[in-house]
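First the structure, in the form of structure tokens, and then the observations on it.
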Amino acid sequence: MRRIDQFLANLGYCSRREARGWVEDGRVTVGGGAIDDSGTKAAAPDVRVDGEPLDHPDGLLLLFHKPVGLVCSHDAREGLNVYSVLPPRWQRRNPTITSVGRLDKDTSGLLLLTDQSPLVHQLTSPKHKVPKVYRATVDADLSPDLVAQFASGTLLLAGETEPCAPASLTLIGPREAELTLTEGRYHQVRRMFSAVGATVLTLHRARFGHLDLAEVPSGQWRELPLDAFGV
Ligand code: URA
């Protein structure tokens, strides 16, 4: 049971002060009946706003197809972010919707967005080794020797002393490859290729754990059940 004004504010409908007006205007019902106090406590399934059930009161988990050009940071100084394409009400939610790990501005592909912080921690923790599959094109021909080098667990990134965990590389063309990582270091794919003398030209994440983008078009999302990862 939570206060109605808290529900409405946390789910991004309006401020707590505005919620009082919404209640006075008869827009909010509990168990089918009108209420006259925005401090009334209720269970989410019993609440209706303008006759509609509450918008995802238990949380959100989205599989988003990130286009190139959007950042994952919430800091407006870093440019247009992935959250800006979501419905305005979702952008106002508290807890805030955030990305599960990050993709660079120039990277496209599968990005999970959620307001469930335990899920973020679980899926980004190095302990859990969630496999992420990237498709990269690079500016130099890729030697077949790289497959063993990336798998060896000895590749060092510039400025680091801990080698990368073994990663699975599949060559797709002379300058195109698929790379599966179980860690998520800063700019890791670009830096791994850089460590072997290649610059990444395009980068796309095709899979995250057991999920792929399926038919989700760029800039769109699909809702996932909150227990999609069993967390
Ligand atoms: N590795 C990178 O270099 N960039 C990304 O966006 C993701 C992984």
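Residue numbers (my numbering): 3 to 233.
Glycine included, each C-beta is placed from N, C-alpha and C at the ideal position.
Please go through the same chain and pick out, in chain order, the residues whose beta-carbon is closer than 6 Å to the beta-carbon of residue i, but skip the five residues on each side of it.
| i | result |
| --- | --- |
| LEU215 | HIS67 and LEU112 |
| LEU158 | PRO165 |
| HIS206 | SER110, GLY111 and ARG137 |
| LEU10 | CYS16 and ALA21 |
What do you reckon, is the C-beta of residue i under 8 Å from a heavy atom of ligand 1?
| i | result |
| --- | --- |
| GLY81 | no |
| GLY186 | yes |
| ARG177 | no |
| ASP141 | no |
| VAL242 | In the structure as shown, the chain begins at 3 and stops at 233. Residue 242 is therefore absent and cannot be evaluated. |
| GLN124 | no |
| GLN8 | no |
| HIS189 | yes |
| LEU148 | no |
| LEU205 | yes |
| ARG209 | no |
| SER182 | It should be pointed out that residue 182 corresponds to Thr in this sequence rather than to Ser. Checking every heavy atom of ligand 1 against the Cβ of THR182, none is found closer than 8 Å. |
| LEU213 | no |
| ARG104 | yes |
| ARG193 | yes |
| ALA85 | A small fix is needed here, since residue 85 is Tyr in this sequence, not Ala. Checking every heavy atom of ligand 1 against the Cβ of TYR85, none is found closer than 8 Å. |
| THR98 | no |
| THR241 | Any question about residue 241 goes unanswered here, given that the chain covers just 3 to 233. |
| TYR136 | yes |
Near residue i, which residues of its chain fall below 7 Å by C-beta distance, leaving aside the five closest residues on each side in sequence?
| i | result |
| --- | --- |
| LEU148 | LEU171 and VAL198 |
| ASP57 | LEU13 and ARG91 |
| ALA78 | none |
Give me the residue from the options with the minimum Cα distance to residue i.
| i | options | result |
| --- | --- | --- |
| GLY186 | HIS130, ILE174, GLY161 and PHE231 | HIS130 |
| HIS189 | GLN118, ASN83, LEU125 and GLY103 | GLY103 |
| THR204 | ALA45, ASP52 and VAL70 | VAL70 |
| ASN96 | VAL132, PRO59 and VAL87 | PRO59 |
| ALA179 | ALA160, ALA150 and LEU144 | LEU144 |
| ALA21 | GLN151, VAL135 and ILE6 | ILE6 |
| ALA160 | VAL218, ASP52, MET194 and ALA230 | MET194 |
| ALA45 | SER154, ASP52 and VAL32 | VAL32 |
| PRO133 | PRO168, THR139 and VAL218 | PRO168 |
| GLN124 | GLY232, ARG4 and ALA36 | GLY232 |
| PRO128 | PRO219, THR184 and ASP48 | THR184 |
| PHE152 | LEU121, VAL191, PRO120 and THR126 | VAL191 |
| GLY41 | PRO219, GLU26 and VAL122 | GLU26 |
Going by DSSP, name the residue or residues bridged to residue i.
| i | result |
| --- | --- |
| ASP214 | ARG209 |
| GLU54 | VAL51 |
| GLY175 | GLU178 |
| HIS123 | None, per the DSSP bridge assignment. |
| TYR136 | LEU181 and ARG207 |
Among residues of its own chain, excluding the 5 on either side of residue i, which ones have a beta-carbon nearer than 8 Å to its beta-carbon?
| i | result |
| --- | --- |
| ASP117 | GLY61, LEU62, ARG95, PRO97, THR98, ILE99 and THR100 |
| VAL84 | PHE66, LYS68, LEU72, VAL73, CYS74, SER101, LEU113 and LEU115 |
| ILE174 | ARG137 and GLU180 |
| VAL140 | ARG177, GLU178, ALA179, PHE195, ALA200, THR201, VAL202 and LEU203 |
| GLY28 | ALA36 |
Is there at least one Cβ from chain D nearer than 9 Å to residue i's Cβ?
| i | result |
| --- | --- |
| TYR85 | In the structure shown, chain D does not exist; there is a single protein chain. |
Are at least three pairs of beta-carbons, each pair with one atom in the stretch 56-71 and one in the stretch 211-227, less than 8 Å apart?
yes
Within 8 Å, do at least three Cβ pairs link the stretch 110-124 to the stretch 203-214?
yes
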